[in-house]
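Peer 1: Below is one structure. I have some questions about it.
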Amino acid sequence: MTEDDYTEFDCDLCGSADAAEITVARRYTNDQPIHVCRNCGFVYVRRRRSAERIAAAWTHEIYGDGYTARIPAVKARQIYVAETADVEIGLADKTLCDFGGGEGQFLDIVRDPDYGAIPFAVEPSPENCRAMAERGIECFCGNIEAYQASGEKPGRGFDIVTIMWTIENCQSCRTMMDAAYDALADGGHLVIATGSRILVPFKKPLQYYLSTNPADTHAFRFSANSLKGLFAVSGFEVTYVNRYLDTDYLVVIGRKAGHVANPQWDKDDHLAVIDFFERWDRETQGHYRDA
Ligand SMILES: [Zn+2]
């Protein structure tokens, strides 16, 4: 696997090539660099392999055999998102497409009569798709890029698309947003949830947040501002942000509103982002190095 081809990316949000390295990250990433955009404060990995190669790394090298989402921590966060989406936009009788449906555990939750959504999954694993189909959940079996290119999405007009703990793990977060935009009906809602966020009080030891996995398998590190920015540049109007400061999750909901010429969002100060990581490094080294 030494002959991988890499491409150098500019900031996915604002397009600027002007980025500063977060130097303390190398201690935890097996010396791989992570950058922050000097213009908008977005944290991203500049050198990335192809979308197919990154997906294969997740399937074969990181998850490997035997991975399951059927554990308390994952089920808890899926119920949190289902409850939030139900309160904010309503799930009953809505068509809901989950990008990266996995084993379908979230779709089982939202199609339960308590919520009453009509589920659909885009999922690359044939085993997962087979298992969902046996339970009556319709799937597109392939990655987001294949789904976007398939021609199956026009006319689907989903009421809701969910992207849960997935937006960080693709090669292009903009491609995933475009796929969500095209899959949604006009006025439909996109729900993005992640536990991986910066500029918040909660910090696990930095070696658990960063990792020695190939850096491009986790190419984006969102704050509330940069996630709202991703909605803004992708044709969505943000309608809801959860209480992320004292919750383990960051959940943002946006309405498909149409692309605008000069999308605006609150930028992060790149020096504050670097300071955040430097403080996090000091706390980790001082208290959690051996955790
Ligand atoms: Zn930027």
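Taking my numbering, the leading residue of the sequence shown gets 4, the next gets one more, and so forth. Idealized CB from N, CA, C, for every residue including glycine. Small disclaimer: the values here were computed from a predicted structure and weren't measured.
Excluding the five sequence neighbours on either side, which residues of its own chain have a C-beta within less than 8 Å of the C-beta of V84, listed in chain order?
Peer 2: Residue mapping note: residue 84 aligns to position 81 of the sequence shown, counting from 1. Hits under 8 Å: F109, T165, M167, V194, A196, Y252, V254.
Peer 1: Please determine if the stretch 35-45 and the stretch 216-230 are in contact, where contact requires at least 3 C-beta pairs separated by less than 8 Å.
Peer 2: These segments touch.
Peer 1: What is the DSSP secondary structure of H262, counted as helix, strand or coil?
Peer 2: Numbered from its first residue, the sequence shown carries residue 262 at position 259. Reduced to three states, the DSSP call for H262 is coil.
Peer 1: Between which two residues does the beta strand (DSSP E) holding L213 run?
Peer 2: Counting from one through the sequence shown, the residue named residue 213 turns up at place 210. First-last for L213: undefined, no H or E at that position.
Peer 1: Could you name the residues of the same chain whose beta carbon sits closer than 8 Å to that of R200, not counting the 5 residues immediately before and after it, in chain order?
Peer 2: Residue numbering aside, residue 200 sits at position 197 when the sequence shown is read from its first letter. Excluding sequence neighbours, R200 sits near R224, F225, S226, A227, L230, Y247, L253.
Peer 1: Going by beta carbon distance, what residues of the same chain come within less than 7 Å of C176, once the five residues before and after it are set aside?
Peer 2: For the purposes of this step, residue 176 is identified with residue 173 of the sequence shown, where counting begins at 1. Closer than 7 Å at the Cβ level, and outside the excluded window around C176, lie D15, I170, F223, L233.
Peer 1: With DSSP as the reference, label I170 as helix, strand or coil.
Peer 2: Position 167 of the sequence shown, counted from the start, is the residue given in the question as residue 170. Helix at I170.
Peer 1: Give a single yes or no on whether C176 has its beta carbon closer than 7 Å to a heavy atom of ligand 1.
Peer 2: Along the sequence shown, one-based indexing puts residue 176 at 173. No, since every heavy atom of ligand 1 falls outside the 7 Å radius drawn around the Cβ of C176.
Peer 1: Roughly how many whole angstroms lie between the Cα atoms of A22 and G107?
Peer 2: Indexing the sequence shown from 1 puts residue 22 at position 19. Indexing the sequence shown from 1 puts residue 107 at position 104. Approximately 38 Å, taken between the alpha carbons.
Peer 1: From Y291 to V27, what distance separates their C-alpha atoms?
Peer 2: What you label residue 291 is simply residue 288 of the sequence shown in a count that begins at 1. What you label residue 27 is simply residue 24 of the sequence shown in a count that begins at 1. C-alpha separation (whole angstroms): 15 Å.
Peer 1: DSSP three-state label for E130, please.
Peer 2: By 1-based counting over the sequence shown, the position of residue 130 is 127. If DSSP states are grouped into helix, strand and coil, E130 belongs with the helices.
Peer 1: Taking the continuous beta strand (DSSP E) assigned at C40, which residues delimit it?
Peer 2: Position 37 of the sequence shown, counting from 1, holds the residue named residue 40. It spans 38-40 - the beta strand (DSSP E) in which C40 sits, taken as one unbroken run.
Peer 1: Helix, strand or coil, according to DSSP, for E11 in the structure here?
Peer 2: Residue mapping note: residue 11 aligns to position 8 of the sequence shown, counting from 1. Looking at E11 - three-state DSSP - the assignment turns out to be strand.
Peer 1: Can you say whether Y31 is buried or exposed, counting buried as having 16 or more other CB atoms within 10 angstroms of its CB?
Peer 2: Counting from one through the sequence shown, the residue named residue 31 turns up at place 28. Label assigned to Y31: buried.
Peer 1: Using CA coordinates, which residue listed in G261, A136, W283 is at the minimum distance from P208?
Peer 2: In the sequence shown, counting from the first residue as 1, residue 208 sits at position 205. Checking every option, the nearest Cα to that of P208 belongs to W283.
Peer 1: Ligand 1: which residues have Cβ under 5 Å from any of its heavy atoms, chain order?
Peer 2: Per the Cβ criterion, the list is C14, L16, C17, S19, C40, N42, C43, F45.
Peer 1: What are the boundary residues of the alpha helix (DSSP H) that L94 is part of?
Peer 2: In the sequence shown, the residue the question calls residue 94 occupies position 91. Unbroken run through L94: none, as it is neither H nor E.
Peer 1: Could I get the ranges of all uninterrupted beta strand (DSSP E) runs contained in the stretch 103-147, with 3 residues as the minimum, in chain order?
Peer 2: Within the stretch 103-147, the complete beta strand (DSSP E) runs of at least 3 residues are 121-126, 141-144.
Peer 1: In chain order, what residues of the same chain have a beta carbon less than 8 Å from the beta carbon of T62, not counting five sequence neighbours either side?
Peer 2: The residue given as residue 62 occupies position 59 in the sequence shown. Taken in chain order, the residues that qualify are P127, S128.
Peer 1: Which runs of the beta strand (DSSP E) fall wholly inside the stretch 222-253 and span at least 3 residues, in chain order?
Peer 2: Those beta strand (DSSP E) runs which fall completely within the stretch 222-253 and span 3+ residues are 239-244.
Peer 1: Out of W268, R50, K259, I82, which one is the CA nearest neighbour of D181?
Peer 2: Along the sequence shown, read from residue 1 onward, the residue named residue 181 stands at position 178. Answer by Cα proximity: K259.
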